[in-house]
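Here's the structure, in structure tokens; my notes come after.
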Amino acid sequence: GKTSPTEKGEVTAAAVCASCKVPAHGHKTLELALVWDMPCVHFGSKEKLHLRRYTRFFGSGGDAAPTLSHYALTHYEEWERKIEAWQNPILENSQLPSWYKSALFNELYFMTDGGTIWMEVPLDCCAEDLQGPAGAGLSHLLPVLREYGRFAYLEGQEYRMYNTYDVHFYASFALVMLWPKLQISLQYDIAVTVVNEDVKPRQYLVCGQTAQVKMKNVVPHDIGDPADEPWQRVNAYLMHDTADWKDLNLKFVLQVYRDYYLTHDSLYLQDMWSVCQAVMESEMKFDTDNDGLIENGGFADQTYDAWVVHGASAYCGGLWLAAVCMMCKMAEVLGDTAIQQKYLDILKKGKEAFERMLWNGKYYNYDSSGSDTSSSIMSDQCAGQWFLGACGLNQGEFEVFPKSHILSALKTIFEKNVLSFAGGTMGAVNGMRPDGVPDTSSIQSNEVWIGVVYALAATMIQEGLVEEGFHTAEGCYRMVWERLGMAFQTPEAYREKKVYRSLAYMRPLSIWSMQLALEHRAGLAPASTQLPQDPTHP
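For what it's worth, this note's numbering labels the leading residue of the sequence shown as 1, then goes sequentially.
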């Protein structure tokens, strides 16, 4: 019934009870639904009123709690059946360890607990409103966003930026495998920001330099701060000018082809093709010596934003070659022979330069600078191969990195970064010196990043090192969920001794790439893990 709002400082409570008669030796079930109806959202700027996705079905008047409660009570058994149908093939697979089953499903907590918002696009919204001045080429932007809404989640509960893209690169496997249309919607939002710009000046904290907030044809770091107006004003990150980061553009290209490979959405690929070409052209300026391989700029210019890189590097160079390979593949699919030949030529030169400058006979050096730590063993040095393998491009005519080199690098990482660190019980440390001592040259080089470890484990599984992959990932699970007691708040990082950073973080959703690798090995169809659709309630 009608009640008065509580006064400020006033505490109130309510109770619900039900009764029934239980016959001897029988049982009865009492059902209770608890519902929140909060249909409208303002961000910090209060410039726009946003409606949550569910208002499409239940209205935005704030009076839908009884309807929501009734819907839950009449559908929850069906939901439970569908959840079991989705999870049981994995839960009942006796070849998979119990900790892995726990990690795989429970890490999904962040999909809803990560400050997540799923918004409707207003009915009176037109394509021009979404596209900005330069987004007319995205012909399916409005239909996709109108049908599936806009989706955003925080980098972490302590790092207040939505859809932080260098990190979403890792976490995106959970979205594309389970809610692929949300991944595609998110990619359209990123694509719009790529082709537009924000010329306002801003001073960055690390270098002290001033640069414009967002340059054209460059992937943004994030789509905004919930304390401001996300989507409207992007790049809330203040540490570096990420227009000079080397990984963001590449991670867009890699996700576009990966999404197409798993969803077979050709309209999406066609829309994204011009954006991929634009960001790769923008990236070309980082190949300063025209050898087909980009160079890092002598600062922390990628997702390891406190770990300096000079010259050619295993991480960014590997991502670059993987992106060039995928440009070749996309051009082939779309029949663009001129672009295909252009990138085949770059790939040929770049592969030779990468091997010559970084391969040391056992693994790829951290970078080519010849500094005291350039020979460090980076746990994430095979990130490019990880994405190539996820798309079936890690062998045959599309082999970018020699198979023997990848296997040698992965075995070296397992020996040094995993087994020689904390007795092999904490996953893989980001950087290890060849003598088996962690690289302490930066605050990030001697951390373990859980999401990176899950990605490394997936790469090992893809390359046939299944036992090593599970051992590597298990260390992180045991550390977080058992020894540290951080269940359902997996941090970005921890160190060997009593230090952790950024609780409840996006990147560990990369564990779903382990599942994709296992399904590939089992010969299952790439998109087989999608949740079953409810025909009565999309």
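All C-beta atoms, glycine included, are put in the ideal place defined by N, C-alpha and C.
Exercise for review: Report the three-state DSSP secondary structure of S313 (helix, strand or coil).
Suggested key: strand
Point to revise | Collapsed DSSP secondary structure at S528 in the structure displayed | key: Per-residue confidence for S528 stands at a pLDDT of 38, beneath the threshold of 50, marking its modelled position as unreliable; the derived number appears in the next sentence. Three-state result, S528: coil.
**Study point:** Sheet register partners of W118 (DSSP bridge)
**Key:** F151
Practice item. Compute the distance between the beta-carbons of A390 and F57, then report whether it is under 9 Å. Key: Not closer than 9 Å, so no.
Practice item. Classify L51 as helix, strand or coil using the three-state DSSP reduction. Key: Residue state, collapsed to three classes: strand.
Check your understanding: Which whole runs of the beta strand (DSSP E) in the segment 50–125 are 3 residues long or more, in chain order?
Key -> 117–119
Check your understanding: Which of the three DSSP states, helix, strand or coil, is assigned to T412?
Key -> Helix, per DSSP.
Review point. By the 10 Å Cβ neighbour count, where 16 or more other Cβ atoms means buried, how is A353 classified, buried or exposed?
Key: buried
Point to revise | Check whether V234 and D289 have beta carbons under 9 Å apart | key: The Cβ-Cβ distance between V234 and D289 does not fall below 9 Å.
**Study point:** Touch test, the segment 468–477 against the segment 431–446, Cβ-Cβ under 8 Å, three pairs minimum
**Key:** no
Point to revise | Cut-off 6 Å between Cβ atoms - residues of its own chain near T536, not counting five sequence neighbours on either side | key: Any reading at T536 must be qualified, since the residue scores a pLDDT of 40, below 50, and its modelled position is unreliable; the value itself is stated next. The beta carbon of T536 lies closer than 6 Å to none in the same chain, with the five residues before and after it left out.
Check your understanding: Tell me which same chain residues have a C-beta within less than 8 Å of the C-beta of V453, skipping the five on either side of it?
Key -> S379, G427, A428, T472, A473, G475 and C476
Check your understanding: What three-state label does DSSP hand K285 in the structure shown?
Key -> It is helical.
Point to revise | Q187 - partner residues in DSSP beta bridges | key: BP columns for Q187 are empty, so no partner.
Exercise for review: For the segment 148–157 and the segment 496–508, state whether three or more C-beta atom pairs, one from each stretch, are separated by less than 8 Å.
Suggested key: yes
Review point. Between the beta-carbon of S266 and the beta-carbon of G311, is there less than 9 Å?
Key: no
Review point. What three-state label does DSSP hand W359 in the structure shown?
Key: strand
Exercise for review: List the endpoints of the continuous alpha helix (DSSP H) containing V452.
Suggested key: First-last of the alpha helix (DSSP H) with V452: I450 to Q462.
Check your understanding: Which partner residues does Y162 have in the DSSP bridge list?
Key -> L154
Check your understanding: Quick one: Cα of W86 to Cα of W79, how far?
Key -> Between W86 and W79, the C-alpha separation is close to 11 Å.
Point to revise | Check whether H50 and E120 have beta carbons under 9 Å apart | key: yes
Review point. When the Cα atoms are used, what is the spatial distance from M330 to L254?
Key: 11 Å
Check your understanding: By the 10 Å Cβ neighbour count, where 16 or more other Cβ atoms means buried, how is W36 classified, buried or exposed?
Key -> exposed
Check your understanding: Taking the continuous alpha helix (DSSP H) assigned at V213, which residues delimit it?
Key -> Unbroken run through V213 is the beta strand (DSSP E), T210 to K214; no alpha helix (DSSP H).
Check your understanding: Which whole-angstrom value describes the C-beta separation of D222 and N163, a residue pair presumed to lie in contact below a C-beta threshold of 8 Å?
Key -> 6 Å
Practice item. Determine, using beta carbons only, whether L186 and V218 come nearer to each other than 9 Å. Key: no
**Study point:** Close Cβ partners of L518 (< 7 Å) along its chain, the five nearest in sequence each way excluded
**Key:** Cβ neighbours of L518 beyond the five flanking positions: I461.
Check your understanding: Tell me which same chain residues have a C-beta within less than 8 Å of the C-beta of C20, skipping the five on either side of it?
Key -> Correct list, in chain order: K28 and L30.
Exercise for review: For my contact list, F470 and N106 are in at a C-beta cut-off of 8 Å; report their separation, rounded to the angstrom.
Suggested key: That pair is no contact at about 17 Å.
Practice item. Sort F401, G384, A127 and A278 by Cα distance to K348 and report the nearest one. Key: F401
Check your understanding: Just curious, the beta strand (DSSP E) that Q203 is in, first and last residue?
Key -> D198 to Q203
Practice item. Quick one: residues in its chain with C-beta nearer than 6 Å to the C-beta of G298, no 5 flanking neighbours on either side, listed in chain order? Key: Its chain contains H310 as the residues whose beta carbon lies nearer than 6 Å to that of G298, once the 5 sequence neighbours on both sides are disregarded; these appear in chain order.
Review point. Apart from the five residues on each side of it in sequence, which residues of its chain come closer than 7 Å, Cβ to Cβ, to T67?
Key: F58
Check your understanding: Terminal residues of the continuous beta strand (DSSP E) containing F299?
Key -> N296 to F299
Check your understanding: Can you tell which of L484, P97, I294 and Y268 has its C-alpha closest to the C-alpha of L319?
Key -> I294
Check your understanding: How far does the alpha helix (DSSP H) with C476 in it reach, from first residue to last?
Key -> V466 to Y477
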